[in-house]
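Rendered as C-alpha cells:
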C-alpha cells in the first residue's frame, strides 16, 4: 500500500511513510499502517493515516474498523483516515468506495488485479487530500471549486461501485454457465451410454 500511495503521490510533494509498532500504555501496538503528510504550498501539518486489513473485520463495535480509524487519526495527529480492506472480505451491501463522514473513507481493493485493483485507494487518497486542503485554505488563497471536485469524486466512486457490481454479476453468470456446461456434459455422457445400451438391445455390434 505504501509503495502504491508513493506512486500515486508522484504529482505532489506529499511524503508517504510506512508506520512501525509504537509503545502505547506499556504495550507495543500498530496504530495505523501508513502516514501521508500533505504538502500543498498553501496549507501545513495536514496528514492522512491509512489503516489496512488483510482479512476479516467489523465496521462497527468497540474494536471495529471505524473506531480503529478514529484512534489512528488521534494518535498520529491526522485530520483524515482511510481504511483499506480486501474485496474478498467485503461485507454484504458494502460499496467498493464509501465515505463514512468526518473525513473517514473505507475502500475495498483487489491487489491481484494489477490494472484496476487499487484504483479505489488512489481515489480515496486524492479525494481526501483535496477535501483537507479546501477545508484548511486561507481566505486569500486561490479558490478551488469544491462543488465541482465533489461531483467528480462522486462520479468516480459511482463508476467504481458499478464496476464491482457488474463484476459480481459476471462472476455469478459465469458460475451459472459453468453449471450448465457441466449438466450438458453429463447429459451427453448419459446419451452415449444409453446409445450403447440400445445397440446391445438391438443386437448391433
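In full-length UniProt numbering, the protein residues as written are 1 to 205.
All residues carry an ideal CB built from backbone N, CA and C; glycine is no exception.
Here the structure is a predicted model, which means the values were calculated and not measured.
> In or out: residue 32 buried (at least 16 other Cβ within 10 Å) or exposed?
Replying inline: Under this definition residue 32 is a buried residue.
> When we look at the beta-carbon of residue 17 and count the other beta-carbons within 10 Å, is it buried (16 or more) or exposed?
Replying inline: By the neighbour-count rule (16 or more Cβ atoms within 10 Å), residue 17 is not buried but exposed.
> Which two residues bound the contiguous alpha helix (DSSP H) that contains residue 72?
Replying inline: DSSP places residue 72 inside the alpha helix (DSSP H), whose first and last residues are 65–75.
>> I'd like to know whether the C-beta atoms of residue 97 and residue 161 end up nearer to each other than 8 Å.
In response: Contact flag set, yes.
> What three-state label does DSSP hand residue 158 in the structure shown?
Replying inline: DSSP places residue 158 within a helical segment (H, G or I) once states are collapsed to three.
> Since residue 98 is in the beta strand (DSSP E), which residue starts that stretch and which ends it?
Replying inline: First-last of the beta strand (DSSP E) with residue 98: 97–101.
> Per DSSP, what kind of secondary structure is residue 35 in: helix, strand or coil?
Replying inline: Looking at residue 35 - three-state DSSP - the assignment turns out to be strand.
> Short check: CB of residue 4 to CB of residue 121, under 8 Å?
Replying inline: Against a cut-off of 8 Å, the Cβ pair of residue 121 and residue 4 comes out as a contact.
>> For a test of your reading of the model: does the CB of residue 153 fall under 7 Å from any non-hydrogen atom of the ligand FAD? Yes or no.
In response: Absence of the ligand FAD from the depicted structure is noted, as is the absence of any ligand whatsoever, leaving it without description.
> From 78, 148 and 125, pick the residue whose C-alpha is nearest to that of residue 11; which is it?
Replying inline: That would be 125, whose Cα lies nearest to the Cα of residue 11.
>> Going by beta-carbon coordinates alone, are residue 30 and residue 21 separated by less than 8 Å?
In response: In this structure, residue 30 lies near residue 21, with their beta-carbon atoms less than 8 Å apart.
> Distance, Cα to Cα, residue 151 vs residue 134?
Replying inline: Residue 151 and residue 134 have their alpha carbons spaced roughly 15 Å apart.
>> Can you tell me where the beta strand (DSSP E) holding residue 86 begins and where it ends?
In response: Taken as a continuous stretch (DSSP letters only), the beta strand (DSSP E) holding residue 86 covers 80–86.
> Which value, in whole angstroms, describes the spacing of the CA atoms of residue 153 and residue 89?
Replying inline: Each residue's alpha carbon lies about 24 Å from the other.
> Quick one: Cα of residue 36 to Cα of residue 101, how far?
Replying inline: When the Cα atoms are used, residue 36 and residue 101 turn out to be separated by approximately 19 Å.
> Whose CA, out of 74, 48, 79 and 44, lies closest to the CA of residue 2?
Replying inline: If you compare the alpha carbons of 74, 48, 79 and 44 with that of residue 2, the shortest gap goes to 48.
>> For residue 2, report the span of its alpha helix (DSSP H) as first-last.
In response: For residue 2, the enclosing alpha helix (DSSP H) starts and ends at 2–8.
> Would you call the CB atoms of residue 156 and residue 123 closer than 8 Å?
Replying inline: In this structure, the beta-carbon distance from residue 156 to residue 123 falls below 8 Å.
> Less than 8 Å separating the beta-carbons of residue 53 and residue 83?
Replying inline: Contact flag set, yes.
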